[in-house]
Structures are given as structure tokens and as C-alpha cells.
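All remarks here apply to the structure that follows.
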Amino acid sequence: MRYQVVVLASEIGDAIEIESFSWRRFPSPEDQGTFNDLKVYIGLCAGDELGTTFDDNYIPGTRTLVLSDSPYITPVVPVGGWFDVTLDTPYWYSGDENLLIEVEWSSGAGSLYSWSWAGTGTRCIFGLYNEQQASVSNENVPHLKINGTLDLSSSTFGEIKASFI
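Okay, so the sequence shown: first residue is 3 according to our numbering, each after it adds one.
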């Protein structure tokens, strides 16, 4: 399976060093999933909608492998709880472009579903492992938390004080 979702810069806000992300668990038959040859990539996307060719959705040169594990076993969390995916390598996100998250795996056992909301346009695509073309596209965006260290703007005391006036 191969999956991509675009998260708009306006939905994220500020620059952040991404150390993990979390999905909100939806009711599913299994409490846990095991995924073989799991890889997570993060990069940037110029558009607000995804095309059907996975690699073409990245701004060239931005696709970065941030997690590789086999097997990857998801944590057990209650329905409605958040399950964290901790990255092997943090990803610096500047806050200027849309963020593209890609997850792929060759096979596995069990499954986990996440809550989602209806975005506008094609926000996520699915396909077979190692395939370039998506076989499914839709507007659903998963309930997703991006976790890490926010970038702080440098300001003088006077600038901070003036912002309250």
C-alpha cells in the first residue's frame, strides 16, 4: 500500500521541527497493526491538491525518508485516542509550503483506521506498494497532529510590549 496526504501550510501555521505525528484511531476490527517494510517520507507540495502520480506531488528534491522499520508495530490505543508515529529523523518544516506525508508498506497483518474530515479537492491518494500511479483519490484528510519543536521568532522586549498596545 502507498498513501499520501497533503497538509496545507495554512493548517499548520508556523515553522516546526517535526519529531513525530499522531493519528486519531477510528473503530476498526483490530487494536493493532503490523506493517512490513514500512517507510514514511515527508516533503513539500506546491499545490493544494494531489495529482495521481505519487512522485510528481513533491516539490523536486524535498522527498525525505524520515522512518524505515520492518516490521513496524503500531501502539495499542483506545478508539478515539491518538497513536504516535515517532520519526527516525526529525524533519524541519519552514511553514512556507504545503506539507506532504507519504506512508508505504509491502504487507502486514491487522489494520488501523483513523478519523478523517472532508477537505476540498483531492487531499489524499492511495495505491499499491511501489506503484507510481494512485488507484484511489479523495478529499478526506486524517485527524492528524504534527508534534515537535516550534520555531520561535526573535523579538526585542520593546516589540513584544508594543504588540499588546
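Note that beta-carbon positions come from the ideal geometry of N, C-alpha and C, so glycine has one too.
As the structure is a prediction and not an experimental result, all values here were calculated from the model.
Query: Alpha-carbon spacing of V143 relative to S118, whole angstroms; Result: 5 Å
Query: Beta carbon of E99 nearer than 9 Å to that of A48; Result: yes
Query: Alpha-carbon spacing of S22 relative to F128, whole angstroms; Result: 22 Å
Query: Check whether E106 and T122 have beta carbons under 9 Å apart; Result: no
Query: Boundaries of the alpha helix (DSSP H) in which I14 is found, first to last residue; Result: A11 to I14
Query: DSSP beta-bridge partners of W94; Result: E19
Query: Cβ shell of Y5 (< 6 Å), same chain only, five flanking positions each side left out; Result: V105 and F128
Query: Coil, strand or helix - N132 by DSSP; Result: coil
Query: Cβ neighbours of F37 in the same chain (closer than 6 Å, five flanking residues each side left out); Result: Y74, W107 and G110
Query: Close beta carbons around V68, own chain, < 7 Å, minus the five adjacent residues each side; Result: V42, Y43, I44, L89, D90, T91 and Y93
Query: Residues bridged to E106 [DSSP beta-bridge criterion]; Result: R4 and K41
Query: Endpoints, beta strand (DSSP E) assigned at V143; Result: N142 to P144
Query: N- and C-terminal bounds of the beta strand (DSSP E) containing V78; Result: Careful: V78 lies outside any beta strand (DSSP E) and carries neither H nor E.
Query: Beta-carbon proximity of I18 to T151, cut-off 9 Å; Result: yes
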